[in-house]
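Take a look at the structure set out below.
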Amino acid sequence: MKTLGIYLRNVRKRRGLSLKQVEKAAGVSNAYLSQLERGLRKPPHPDILKRLAGVYEVPLRELLVAAGYWEEESEKGITRERIERAFDHVISDPNYRHGMRLKGATLGLVAKRFIVEMYEKMTGRKLLEGHRT
Amino acid sequence: MISEAREIGADSLLAFCQEFESGYLGNWPPGDEVLAREFVSHFSLHRYPRLEDLMSFCSNLGIEASISTLPQELRGLNGCYGDKKAIVICEEERFPGTKEHTLFHELREILEYTFRDLGFPTETGGQMELRAERFAAQVRLTIGEVAWMAMFEGARTAEPKWLRWGAFLFIFLFAFGNAASCTLLPYFEDMASRSNH
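Top to bottom, those sequences are chains D and V.
For the first sequence, numbering that gives the first Met the number 0 gives the first residue as 0, with consecutive numbering after it.
For the second sequence, numbering that gives the first Met the number 0 gives the first residue as 0, with consecutive numbering after it.
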């Protein structure tokens with residue numbers, strides 16, 4: 000899971016923390032953190048991500064998304080249908096023009112949600128109201 | 000032809016598109032290489048701009064540009080609603096130049112919305128992504144070209160002779176490296192994301 004690794008390394012560097020400092024603050028070994036950052040380990044348990052989110056001062060949701068937990072959770076629940084419907088609304092709104100630069104060929108649920116949220120911010124309309132997880 | 004630098008404001012993109020369209024009407028749509036060169040010339044992007052400079056350039060154009068952690072499938076995205084325009088660029092990128100490339104890619108798509116509003120779309124065949132990629136690479140190439148041409152002019156008068164030829168060699172390597180990095184960046188990115196999956 001290199002995406003999570005890159006993300007973790009970037010937020011740590013942005014905060015100006017060494018691996019040992021994170022180890023001390025989060026109680027996660029620096030060797031393990033180093034392997035995570037290099038993409039050599041599977042995503043850790045959400046409890047560990049919660050501790051890291053506290054140390055790095057980033058929303059837990061961002062870490063869960065980077066680790067791939069958020070999408071899995073959303074896909075199983077009603078949120079998926081809601082996001083898909085909202086996304087369809089966004090792409091069919093003739094007054095809203097949008098484009099993107101993709102890393103792959105397909106757009107996942109998390110990305111669709113991000114696009115919907117950007118639409119909400121720009122238009123002032125609420126498509127996901129009451130369904131935020 | 001578009002050649003002079005102008006003061007940049009919220010109407011500048013529209014003004015650029017109008018001027019470009021009237022200049023190339025007889026040969027519509029021109030290629031993205033031409034559009035990119037005119038874009039660089041029109042907005043005087045005649046040196047290597049830092050990402051922060053490009054962000055404030057967007058801001059002057061009335062585009063809210065930001066860098067953020069994006070879902071893993073996205074390098075960047077743009078949205079336009081009425082007068083509001085926004086670009087978001089992915090914060091976590093492996094290769095140098097990717098963020099700048101993405102920013103120019105998104106700008107190209109916003110330019111296309113303006114061309115469509117004017118009744119002169121440059122793309123109708125579903126190849127917008129490809130065109131935006133070409134435009135982004137060409138803008139960065141053109142900026143580099145201006146820089147190495149200036150270096151070349153400076154090196155021509157260098158003395159002694161060995162220093163002049165050394166400078167020429169350095170400039171050649173610089174130009175080659177720059178051209179390769181601008182044009183091959185999307186391939187490197189593609190290979191990197193494949194290896195990630």
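All residues carry an ideal CB built from backbone N, CA and C; glycine is no exception.
Just so you know, these numbers come straight off a predicted model, no measurement behind them.
Per DSSP, cross-strand counterpart(s) of residue i
i: Met54 (chain V); result: In the DSSP output, where bridge partners are listed per residue, Met54 (chain V) has none listed.
i: Gly98 (chain D); result: V:Asn77
i: Ile62 (chain V); result: V:Lys84
Within 9 Å, strictly: CB atoms of residue i and residue j
i: Tyr134 (chain D); j: Glu92 (chain V); result: Past the edges of chain D, shown from 0 to 132, lies residue 134 (chain D), and the structure says nothing about it.
i: Gly125 (chain V); j: Asn59 (chain V); result: no
i: Ala154 (chain V); j: Phe167 (chain V); result: yes
i: Leu102 (chain V); j: Leu50 (chain V); result: yes
i: Ala66 (chain D); j: Pro58 (chain D); result: no
i: Leu126 (chain D); j: Tyr118 (chain D); result: yes
i: Glu137 (chain D); j: Lys111 (chain D); result: Because chain D is modelled from 0 through 132, residue 137 (chain D) falls outside the range shown and cannot be assessed.
i: Phe56 (chain V); j: His41 (chain V); result: no
i: Thr113 (chain V); j: Leu184 (chain V); result: no
i: Ala30 (chain D); j: Val54 (chain D); result: no
i: His104 (chain V); j: Gly61 (chain V); result: no
i: Phe187 (chain V); j: Phe38 (chain V); result: no
Cβ neighbour criterion (16 or more within 10 Å) applied to residue i
i: Ile77 (chain D); result: Unreliable positioning characterises Ile77 (chain D) in this predicted model, as indicated by a pLDDT of 47, which lies under 50. A coordinate reading is not provided.
i: Glu111 (chain V); result: buried
i: Asn77 (chain V); result: buried
i: Ala85 (chain V); result: buried
i: Lys102 (chain D); result: buried
i: Thr121 (chain V); result: buried
i: Glu6 (chain V); result: exposed
i: Gly98 (chain D); result: buried
Minimum C-alpha distance to residue i - residue among the options
i: Arg100 (chain D); options: V:Tyr112, V:Thr123, V:Arg130; result: V:Arg130
i: Lys120 (chain D); options: D:Tyr95, D:Leu32, D:Ala66; result: D:Tyr95
i: Asp116 (chain V); options: V:Glu144, V:Phe151, V:Cys79, V:Glu128; result: V:Cys79
i: Leu3 (chain D); options: D:Ala24, D:Leu48, D:Ala30; result: D:Leu48
i: Lys98 (chain V); options: V:Glu144, V:Thr68, V:Met190, V:Phe151; result: V:Thr68
i: Asp82 (chain V); options: V:Ile109, V:His100, V:Ser65; result: V:Ile109
Residue i: CB within 8 Å of a non-hydrogen atom of the ligand GDP
i: Glu99 (chain V); result: The ligand GDP is not part of this structure, which contains no ligands at all.
Contacts that residue i makes with chain B (C-beta to C-beta distance below 9 Å)
i: Ile90 (chain D); result: The chain labelled as chain B is not found among the protein chains of the depicted structure, namely D and V.
Point to revise | In chain order, each beta strand (DSSP E) run of at least 3 residues that lies wholly inside the region 160–194 of chain V | key: none
**Study point:** Ordered list of alpha helix (DSSP H) runs contained in the region 64–140 of chain V, each at least 4 residues
**Key:** 97–116
Check your understanding: Going along the chain, which unbroken runs of the alpha helix (DSSP H) with 4 or more residues stay wholly within the region 2–43 of chain D?
Key -> 18–25, 29–36
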